[in-house]
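Quick mapping for you: the protein sequence lines, in order, are chains L and X.
Counted from 1, the first sequence has number 110 at position 110 by my numbering; the numbering is strictly sequential.
Counted from 1, the second sequence has number 278 at position 278 by my numbering; the numbering is strictly sequential.
Built from N, CA and C at the ideal position, the CB exists for glycine as well.
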Amino acid sequence: MIRVEDLSVRLGGRDVLDRVDLDVPRGEWLAVIGPNGAGKSTLLKAVMGVLDHRGQVVVGDRPGSSLKPRERARLVAYAPQTPALPPDMTVFDYALLGRTPYIPYLGRESRRDREITAGVLARLGLTAFAARRVGELSGGERQRVVLARALAQQAPVLLLDEPTTALDLGHQQQVLELVDRLRTADGLTVITTLHDLTLAGQYADTLLLLAGGRSVARGAPAEVLTGALVGEHFEARVMIEPGPGGRPVVHLVRGRT
Amino acid sequence: MLAEQAAGAHAEPVPAAQVRPARARPLWLAGALLLLAAVMIAGLLGGAADISPWQVVLQVADWLPFVSADAGLTPVEQGLLYELRLPRVLLAAVVGGLLAMAGAGYQGVFRNPLADPYLLGAAAGAGLMTTVAVVLLPGSALTTPVAAFAGAVGGVFLAYALGNAAGRTGGTATLVLAGVAVTSFLTAIQTFVQQLGVEELRRVYSWILGDVSGGWDQVRLVLPYAAVAVAVLMAHGRMLDVLAVGDEEAGSLGVRAARVRLVVLLAASLATASAVAVSGLIGFVGIVVPHVARLLAGGSYRSVLPLSLIGGAAFLVLADLLARTVIAPAELPIGVVTMFVGAPFFVAVLRMRRGVAT
Numbered sequence: 001m002i003r004v005e006d007l008s009v010r011l012g013g014r015d016v017l018d019r020v021d022l023d024v025p026r027g028e029w030l031a032v033i034g035p036n037g038a039g040k041s042t043l044l045k046a047v048m049g050v051l052d053h054r055g056q057v058v059v060g061d062r063p064g065s066s067l068k069p070r071e072r073a074r075l076v077a078y079a080p081q082t083p084a085l086p087p088d089m090t091v092f093d094y095a096l097l098g099r100t101p102y103i104p105y106l107g108r109e110s111r112r113d114r115e116i117t118a119g120v121l122a123r124l125g126l127t128a129f130a131a132r133r134v135g136e137l138s139g140g141e142r143q144r145v146v147l148a149r150a151l152a153q154q155a156p157v158l159l160l161d162e163p164t165t166a167l168d169l170g171h172q173q174q175v176l177e178l179v180d181r182l183r184t185a186d187g188l189t190v191i192t193t194l195h196d197l198t199l200a201g202q203y204a205d206t207l208l209l210l211a212g213g214r215s216v217a218r219g220a221p222a223e224v225l226t227g228a229l230v231g232e233h234f235e236a237r238v239m240i241e242p243g244p245g246g247r248p249v250v251h252l253v254r255g256r257t
Numbered sequence: 001m002l003a004e005q006a007a008g009a010h011a012e013p014v015p016a017a018q019v020r021p022a023r024a025r026p027l028w029l030a031g032a033l034l035l036l037a038a039v040m041i042a043g044l045l046g047g048a049a050d051i052s053p054w055q056v057v058l059q060v061a062d063w064l065p066f067v068s069a070d071a072g073l074t075p076v077e078q079g080l081l082y083e084l085r086l087p088r089v090l091l092a093a094v095v096g097g098l099l100a101m102a103g104a105g106y107q108g109v110f111r112n113p114l115a116d117p118y119l120l121g122a123a124a125g126a127g128l129m130t131t132v133a134v135v136l137l138p139g140s141a142l143t144t145p146v147a148a149f150a151g152a153v154g155g156v157f158l159a160y161a162l163g164n165a166a167g168r169t170g171g172t173a174t175l176v177l178a179g180v181a182v183t184s185f186l187t188a189i190q191t192f193v194q195q196l197g198v199e200e201l202r203r204v205y206s207w208i209l210g211d212v213s214g215g216w217d218q219v220r221l222v223l224p225y226a227a228v229a230v231a232v233l234m235a236h237g238r239m240l241d242v243l244a245v246g247d248e249e250a251g252s253l254g255v256r257a258a259r260v261r262l263v264v265l266l267a268a269s270l271a272t273a274s275a276v277a278v279s280g281l282i283g284f285v286g287i288v289v290p291h292v293a294r295l296l297a298g299g300s301y302r303s304v305l306p307l308s309l310i311g312g313a314a315f316l317v318l319a320d321l322l323a324r325t326v327i328a329p330a331e332l333p334i335g336v337v338t339m340f341v342g343a344p345f346f347v348a349v350l351r352m353r354r355g356v357a358t
């Protein structure tokens, strides 16, 4: 569904991403992992097309370079790590922004746009929040509202940058379960960055390990989450054991003194 | 807890009747228009003790096409109203509406609540070019507005170019800082030019503090520019709401943020320039009015822009009325009145926004 070939990004004279490849089939979930500064967020932005980059991004069967911004936004939806939430905007109006790629430049939302938005809010259990201001929401609610905006785009590919940041354990699980259900129900293709390796291993079909802007490992969770790879690239001492469903669980090991 | 709603295939669309997107509510618009009408009647009346408000209303009705009403005014009184008061009130209304809308537009473009025509080099550019026109080409009234227009657009674009050159990563704050730098620089040149032509100083000074007594000529001069600027700004309310999530996210929604920003910037600069050209420098309207609109009717630009247009008009007509009456028979420059209200307001906004990154 989405394919990336030889993707490189230079920012401030530095190669933030260096010839990264990936290929996510329709309906699959790819989690991008890696230490801080590995280029995870940059990768998502480049795939979204909001960053200058070299290399190819192919969405469906269309090369990204041939897509107009509006067309691209109907195919790929993106929720940033730290979304700019206009505090005065209502939840409904914020989610309605997701319909932007369907509205003519100087036009206004149609009834259908409003219905789709209301449907998405209902689906995420946010109907009661529709009239609330975005600035008044808790962290977990906010994350769902951002997700609602992305879903209102009705794009087959969903890019989520650290969707669990700043959420407690229960809310992390809630958001990821939700994404997983939406993926199964709608056949969405999902790419997330996740800093929590165990979570990444639990939910994703495939992991991509980035380090220093390069792709250093790609494969099923059990292939990527090995003591050797994680130890080397995160400079961490970890113990990895099989968890639920045979998916690996990563534990930190306290250093010997 | 949200598993139930989320499970299953695509939910049925929910009727959108009960959720209303942000838009200017008719009630607010009607209220603002009523206020504007009342203030304009008061402005027409201002000071003339032997004319009643009702006579003014009748007289205004009589001026309208296809309406005839007898207000019982003497020809002299009619002439006073038509030749002096009416153009003055209209000019104040148009200028106020333009400045408030330009302020709202700049605030949307820069995502900065303190953005204002006077912060971004527009006023300084207009001031410089007007001074140049007055000093170098004395006696040609027509060149003044044209020069001010060129100066205002030049000032903003200088700030825009500088802000871009200083770095894309700095975001909108860089642009505002660039505007401040441009303002200081242009003001320095302006003072220099001004001192070269000392005998013209009085004219420049009266213009610098604002003046809406230009008469019908000025009203006719400003209207075409005003119409274009207002139409373009009004059309971009929704786009400004999209820009509120930042360039990158707007880009992910398929919006070319830089292009929208440029169009709105041009329109807001046109509004500023045409206002400055016919009325001089009247500060703070662009900050006060959009903020009040936002407090009353919410932050969406789809309501802030139309309410700023109407509210700005009412605000400046009122300010002009005060300027004419507080030390009558002498007159205060209108800019003094708006600054007197606006400066404390500016500080209040600054305090409210303390800690909020811009």
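Between G55/L and A211/L, is the Cβ-Cβ spacing less than 8 angstroms?
Going by C-beta atoms, G55/L is not nearer than 8 angstroms to A211/L.
Identify the continuous beta strand (DSSP E) that holds Q56/L and give its terminal residues.
Its beta strand (DSSP E) spans residues 54-59.
Short of 9 angstroms Cβ to Cβ, which residues in the stretch 102-122 of chain X face chain L?
Answer set for the stretch 102-122 of chain X: R111.
Reducing DSSP to helix, strand and coil, say where G34/L ends up.
G34/L falls in the coil class under three-state DSSP.
How far does the alpha helix (DSSP H) with S66/L in it extend, from its first residue to its last?
From DSSP, S66/L is part of no alpha helix (DSSP H); its letter is neither H nor E.
Taking only beta-carbon atoms, is K40/L less than 8 angstroms away from chain X?
It does not: the Cβ of K40/L has no partner Cβ on chain X nearer than 8 angstroms.
Is it true that the CB of A123/X sits closer than 8 angstroms to the CB of Q190/X?
The answer is no: Cβ separation not under 8 angstroms.
Strictly under 8 angstroms for the Cβ-Cβ distance: is T358/X near chain L by that measure?
Its pLDDT being 40, under 50, T358/X is placed unreliably by the model, and the measurement read from it follows with that caveat. No, T358/X lies away from the interface with chain L (no Cβ there is under 8 angstroms from its Cβ).
Quick check on the burial criterion: 16 or more other C-beta atoms within 10 angstroms. Buried or exposed for L265/X?
Label assigned to L265/X: buried.
Taking Y78/L as part of the beta strand (DSSP E), name the residues at either end of that continuous run.
That run of the beta strand (DSSP E) goes 76-79.
Please check if any C-beta of chain X sits within less than 8 angstroms of the C-beta of L17/L.
Taking Cβ atoms only, chain X never reaches closer than 8 angstroms to L17/L, which makes this a no.
Can you pull the chain X neighbours of A84/L, defined as C-beta to C-beta under 7 angstroms?
Result: V245, G246, E249.
Check whether the stretch 255-271 of chain X and the stretch 228-236 of chain X are in contact - that is, three or more C-beta pairs closer than 8 angstroms.
At 8 angstroms Cβ cutoff, the stretches touch.
Anyone know if the C-beta pair for Q174/L and R247/L falls short of 8 angstroms?
Not a contact, by the Cβ cut-off of 8 angstroms.
At the level of alpha carbons, what is the spacing between A150/L and T90/L?
Each residue's alpha carbon lies about 16 angstroms from the other.
Less than 8 angstroms separating the beta-carbons of S279/X and L120/X?
No.
Can you give, in chain order, each stretch of the alpha helix (DSSP H) that sits fully within the stretch 77-126 of chain X and has at least 4 residues?
The stretch 77-126 of chain X contains these whole alpha helix (DSSP H) runs: 86-110.
Among the candidates L124/L, A77/L, R14/L, R70/L, whose CA atom is the shortest distance from the CA of I103/L?
Nearest option by C-alpha distance: R70/L.
Does the Cβ-Cβ distance between L147/L and A79/L come in under 8 angstroms?
Yes. Within cutoff.
If I follow the unbroken alpha helix (DSSP H) through D205/L, where does it start and stop?
Unbroken run through D205/L: none, as it is neither H nor E.
Let me check understanding here. Comparing Cα to Cα, which of H291/X, L209/X, A275/X lies closest to S339/X?
The amino acid at residue 339/X is misidentified as Ser; the sequence shows Met. For the residues H291/X, L209/X, A275/X, the minimum Cα distance to M339/X belongs to L209/X.
With DSSP run on the structure shown, which of helix, strand or coil describes S215/L?
Of the three classes helix, strand and coil, the one that applies to S215/L here is strand, per DSSP.
List, from N- to C-terminal side, the alpha helix (DSSP H) runs of 4 residues or more that fit wholly inside the stretch 272-300 of chain X.
If we require 4 residues or more, the alpha helix (DSSP H) runs fully inside the stretch 272-300 of chain X come out as 285-297.
Inspect the beta-carbon positions of L159/L and V58/L and report whether they are closer than 8 angstroms.
Not closer than 8 angstroms, so no.
Measure the alpha-carbon distance for A222/L versus L188/L and round it to whole angstroms.
Answer to the nearest angstrom: the Cα atoms are 23 angstroms apart.
Could you spell out the range, first to last residue, of the beta strand (DSSP E) harbouring M239/L?
It spans 238-242 - the beta strand (DSSP E) in which M239/L sits, taken as one unbroken run.
Of the residues that make up the stretch 42-56 of chain L, which ones have a beta carbon closer than 9 angstroms to any beta carbon in chain X?
Listed in sequence order: K45, M48, G49, V50, L51.
Just checking my contact of D196/L with T164/L at CB under 8 angstroms: how many whole Å lie between their CB atoms?
Right, their Cβ atoms sit about 7 angstroms apart.
DSSP three-state call for R111/L: helix, strand or coil?
If DSSP states are grouped into helix, strand and coil, R111/L belongs with the helices.
Any residues in the stretch 324-350 of chain X with a beta carbon nearer than 9 angstroms to a beta carbon of chain L? Which ones, in chain order?
Cβ contacts with chain L come from no residue of the stretch 324-350 of chain X.
Give me the Cα-Cα distance between L11/L and R19/L, rounded to the nearest whole angstrom.
Using only the alpha carbons, I get a separation of about 14 angstroms.
I'd like to know whether the C-beta of G299/X is nearer than 8 angstroms to at least one C-beta of chain L.
Judged by the 8 angstroms Cβ criterion, G299/X is in contact with chain L.
What in chain X is Cβ-close to R225/L, meaning under 8 angstroms?
Before going on, a small fix: residue 225/L reads as Leu here, not Arg. Neighbours of L225/L on chain X: none; closest Cβ ~27 angstroms, over 8 angstroms.
For A73/L, which residues in chain X fall below 9 angstroms Cβ to Cβ?
Here the neighbours are G251, S252, L253, G254, V255.
Does any residue of chain X bring its CB to less than 8 angstroms from the CB of P80/L?
It does: the Cβ of P80/L has a partner Cβ on chain X nearer than 8 angstroms.
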